[in-house]
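Student: Protein sequence lines correspond, in order, to chains V, A, L and Y.
Letter by letter, the first sequence follows residues 3 to 201 in our numbering.
Letter by letter, the second sequence follows residues 3 to 201 in our numbering.
Letter by letter, the third sequence follows residues 3 to 201 in our numbering.
Letter by letter, the fourth sequence follows residues 3 to 201 in our numbering.
Even glycine gets a Cβ: it sits at the ideal position worked out from N, Cα and C.
There are 4 protein chains.
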Amino acid sequence: MAVPSRKQPPGRIKIMQALRLLMEEQGFDAITTAEIARVAGVTEGLIYKYFKDKRDLLYQVLEEMFEGVILRIRARMDLEKDIFGRLHAFIDETVAVYATQRVFARIILIEVRSLPDFFTSRAYGCVRVYSRMLQGVLEEGMASGDFRQDLDVRFLRDILLGAIEHTCLWGVLFHRELDVAGVAGQLITVVREGIGPST
Amino acid sequence: MAVPSRKQPPGRIKIMQALRLLMEEQGFDAITTAEIARVAGVTEGLIYKYFKDKRDLLYQVLEEMFEGVILRIRARMDLEKDIFGRLHAFIDETVAVYATQRVFARIILIEVRSLPDFFTSRAYGCVRVYSRMLQGVLEEGMASGDFRQDLDVRFLRDILLGAIEHTCLWGVLFHRELDVAGVAGQLITVVREGIGPST
Amino acid sequence: MAVPSRKQPPGRIKIMQALRLLMEEQGFDAITTAEIARVAGVTEGLIYKYFKDKRDLLYQVLEEMFEGVILRIRARMDLEKDIFGRLHAFIDETVAVYATQRVFARIILIEVRSLPDFFTSRAYGCVRVYSRMLQGVLEEGMASGDFRQDLDVRFLRDILLGAIEHTCLWGVLFHRELDVAGVAGQLITVVREGIGPST
Amino acid sequence: MAVPSRKQPPGRIKIMQALRLLMEEQGFDAITTAEIARVAGVTEGLIYKYFKDKRDLLYQVLEEMFEGVILRIRARMDLEKDIFGRLHAFIDETVAVYATQRVFARIILIEVRSLPDFFTSRAYGCVRVYSRMLQGVLEEGMASGDFRQDLDVRFLRDILLGAIEHTCLWGVLFHRELDVAGVAGQLITVVREGIGPST
DNA sequence: GATGAATGAGGCTTCATTCAT
DNA sequence: TATGAATGAAGCCTCATTCAT
């Protein structure tokens, strides 16, 4: 997977890096192709050699990052034996990614939602893979009796994803630091035991 | 409710209605001022008599809707005696709003996030009020011993808000129906008891 | 002359004052009718009750001020017996006006030049009267033999007017103080004796 | 002279020429970007590839012309041996420029004054250079004892510049012919000897 | 693989002005 | 005398995109 970028033309690489760089500071809409080209040190025209349009560039950047993220999470989960460990690994690693890879977080949490054609892009495939990983854990836990079985697994999945995203969102929006262990820990606690008084 | 908007110039009202109407079908960016004016039956210039710019119009539309939403939720919560009832009311009513007021949901869940100046707008004040309502319930529950006290109340609040939003998001994005009672019910269950095997 | 503004409707007065006030700080083009109305405390519509259009307002403001200026200069000149005294009075008083009445100076030195219809306005009549006053002095001086006679009186007039205006211009443009006596004195010296080595 | 503008993109050249052409007949404000583009035979968008905005275009046109003017004046002055010759050359050449280069005259005498950001533009640098040339002559004359020394050199400079400009202004405003030798000659006479009766 | 000049569509916004009340 | 809602024309400018070299 994730071909080691062998043979990638330098122009293409520079363009993708330029967008990533610019998105550290600005939203996608605020970034112009002229700016991307300037930062990349190429001409605007070259962008269209490698990318169908400006959004395609965004999607490809996202895809590349997302592949790395998925590998990371999978690797981390594979180390865990029990089901709660794997769930914790998924959550913790996701939060860690949002905390450290701000551009990735920006794109996935903010930019992409208002772009209708995202959901037919290859990058969206990554979202499905990612989402399916969590769903897999949940199904497994239900099957094994470790998790309660009276819930719709997709609802449950969305609840978890939403909880993760929202706790990270403000950090991303306002460039605030994120307490990874704290967020992940509290989330796991709520999910395991609920908010009723600890018994 | 919804103050009879005394003295509001008709043009202003028509413009706001036009945007709401158009946003049933398209994203904010895809809507042009020309289109708004045409649907409202006024000239483009009039928009700028009442609104600083196109985004200001969006924020004012959102604010107006949000005020109604807040009133609705508050009214509903005031009917409940116990703390879990109030929590349930908040969640259930929020989901109901997302399910029925698609434009409101669109704006708050999707459009607004990529607009940096939203967070300095008056409409954002509504978000804070709304968010504070939930936080109030949580604090109350912690103080009374009904909720566990080993969690950061703001984390908890964000977990809940995220869970609500995400479960509604896909319905909003793809114009799917939303099973209000189902979503709210499952969410409350998770929150109360966690996903551990039902005892 | 210059009717003591008897019976002038208050709205009209307020509008003219508003423009004068605003022109202390901004150029005419940068000032909008909306701003004028706001400062005057009237509605935009009222402006068009009293003035044909925005430029007409400018011209009437200028005319009113110019009438005062002409009276001042004339009064001052009438005190002088000899021809050089009158010339000095004209120059000195003009510089004094530019130094103290910045709005007047702004309009006459800057704004009005790019407005083609100014030269058919009543305010332009004031310019002619003013200009004629200087020309009168010069003609008188030539006739009496006090001034050299080998020059075209209109060229001479323009040379003097230009010298006055330009020495004041930068003060007006950049809100700098103006050394009235200095400017007028040096000007008179040059005009009387030239720049050849003092004999 | 007038560097062969090597490598200047043709579009850029055509745009600048178009503005010069249009300003023969109309004021800057009356000229629209659409008109400029039409006359240049390019699209409006291209204007903004080469010029920050419409005013920037004006300033660059002015700068280009002003550079030529300065070269002309300097060349002419360099031919003169004595100080009065150089002063005369400066005045005469300036008047000649105003008489023949109407667009240049228009811009410098009329348009530019009401544009606040002109004074921070590169074109304004030319004004300073030009103005400094005259001041240099005056300082030289004072140092050598050819000119009287009891005057502030900058006042004197402004008096001369104003006299030149004003005598040319009406010609420029009303498209009248200008008697170059006459204007320059009379001006020099006044300046040398004053208006006192010829001795 | 890369350039860079040029396009073109249309977006947002401004503002003087009018008119019914 | 004054209001204020509404107009309408057009202006400036942006920016993704193309194409010949």
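#1: How close, in whole Å, do the beta carbons of R14/Y and Y52/Y come, if the pair is a contact with beta carbons under 8 Å?
#2: Is the Cβ of P118/Y closer than 8 Å to any Cβ of chain L?
#3: Quick one: residues in its chain with C-beta nearer than 6 Å to the C-beta of I38/V, no 5 flanking neighbours on either side, listed in chain order?
#4: Shortest alpha-carbon distance to V45/V belongs to which of K16/V, F68/V, R194/V and L140/V?
#5: Tell me where the alpha helix (DSSP H) around A32/A begins and ends.
#6: Leaving out the 5 sequence neighbours to the left and right, which residues in its chain are closer than 7 Å to E167/V when beta-carbon positions are compared?
#7: Based on Cα-Cα distance, which residue from H90/L, I85/L, G196/L and D58/L lies nearest to R150/Y?
#8: Contact criterion: CB-CB distance below 8 Å. Does D31/Y meet it with respect to chain L?
#9: Does I202/L have its Cβ less than 8 Å from a Cβ in chain Y?
#10: Look at the Cβ atom of R159/A, then the Cβ atom of L140/A, and state whether they are nearer than 8 Å.
#11: Answer with buried or exposed for F30/Y, where buried requires no fewer than 16 other C-beta atoms within 10 angstroms of its C-beta.
#12: Quick one: is Q62/V buried, meaning 16 or more other Cβ sit within 10 Å of its Cβ, or exposed?
#13: What residue from I161/V, I49/V and L24/V has the CA that sits closest to V185/A's CA?
#14: In terms of residues, what are the limits of the alpha helix (DSSP H) holding R14/L?
#15: Could you check whether the Cβ of R115/A sits closer than 8 Å to any Cβ belonging to chain V?
#16: Figure out for me which residue from K9/V, V182/V, G187/V and P199/V has the closest Cα to the Cα of T99/V.
#17: With L180/A and A101/A assumed to form a contact (beta carbons below 8 Å), what rounded beta-carbon distance in angstroms separates them?
#18: Does L153/V come within less than 8 Å of chain A when only Cβ atoms are used?
#19: If the cut-off is 7 Å on Cβ atoms, which residues from the region 78-108 of chain Y count as contacting chain L, listed in chain order?
#20: Along chain V, in chain order, which residues have C-beta atoms closer than 7 Å to that of R22/A?
#21: Taking Cβ positions only, does F53/L come closer than 8 Å to chain Y?
#22: Just to confirm, is the Cβ distance from L153/A to T34/V under 8 Å?
#23: Residues in the same chain with beta-carbon distance under 6 Å from G127/Y, minus the five sequence neighbours each way, listed in chain order, please.
#24: I need the DSSP call for R194/A, collapsed to helix, strand or coil.
#25: Is DSSP giving R162/V helix, strand or coil here?
#26: To the nearest angstrom, how far is it from the Cα of M3/A to the Cα of V41/Y?
#27: Is the distance from the Cβ of I75/V to the Cβ of E95/V below 8 Å?
#28: Can you pull the chain L residues whose beta carbon is under 9 Å from the beta carbon of L158/Y, in chain order?
#29: Please identify the residue among F176/L, Q103/L, S116/L and V155/L whose C-alpha is closest to the C-alpha of V174/Y.
#30: Taking only beta-carbon atoms, is A4/Y less than 8 Å away from chain L?
#31: Taking 8 Å as the CB-CB cut-off, is G147/Y touching chain L?
#32: Are any of the Cβ atoms in chain Y nearer than 8 Å to that of A42/L?
#33: What distance in whole Å lies between the Cβ atoms of M18/L and V105/L, which are believed to be in contact at a cut-off of 8 Å?
#34: Quick one: does V131/L have its CB under 8 Å from some CB of chain Y?
#35: Counting only beta-carbon atoms, is E179/V nearer than 8 Å to chain A?
Tutor: Answer, in terms of the structure:
#1: Going by Cβ atoms, the distance from R14/Y to Y52/Y rounds to 5 Å, so yes, they are a contact pair.
#2: yes
#3: A20 and L21
#4: Residue 45/V is actually Thr in this sequence, not Val. Nearest C-alpha to T45/V: K16/V.
#5: Note, A32/A: premise wrong, no alpha helix (DSSP H); not H, not E.
#6: L111
#7: G196/L
#8: Closer than 8 Å to some Cβ of chain L, the Cβ of D31/Y qualifies, so yes.
#9: Outside the modelled stretch of chain L, which goes from 3 to 201, sits residue 202/L, for which no answer is possible.
#10: yes
#11: buried
#12: buried
#13: I161/V
#14: Secondary structure note for R14/L: its alpha helix (DSSP H) is the uninterrupted segment P12 to M25.
#15: yes
#16: Looking at the sequence provided, one finds Val at residue 99/V rather than Thr. The candidate whose alpha carbon is nearest that of V99/V is V182/V.
#17: 4 Å
#18: Yes, because at least one Cβ of chain A sits closer than 8 Å to the Cβ of L153/V.
#19: none
#20: None at all; the shortest Cβ gap to chain V is about 17 Å.
#21: Among the residues facing chain Y, F53/L is not included, as its CB has no counterpart in that chain under 8 Å away.
#22: The answer is no: Cβ separation not under 8 Å.
#23: none
#24: Correct three-state label for R194/A: helix.
#25: The sequence given here has Leu at residue 162/V, not Arg. In this structure, L162/V counts as helix in the three-state DSSP scheme.
#26: Low confidence applies here, because M3/A scores a pLDDT of 42, under 50, leaving its location unreliable; read the following figure in that light. Their Cα atoms are separated by approximately 59 Å.
#27: yes
#28: Q188, V192 and I197
#29: S116/L
#30: Because the pLDDT of A4/Y is 41, which lies under 50, any placement of that residue in the model is unreliable, and the number read from its coordinates should be weighed accordingly. A4/Y does not count as touching chain L.
#31: Yes, contact with chain L.
#32: no
#33: About 11 Å separates the two Cβ atoms, so there is no contact after all.
#34: no
#35: no
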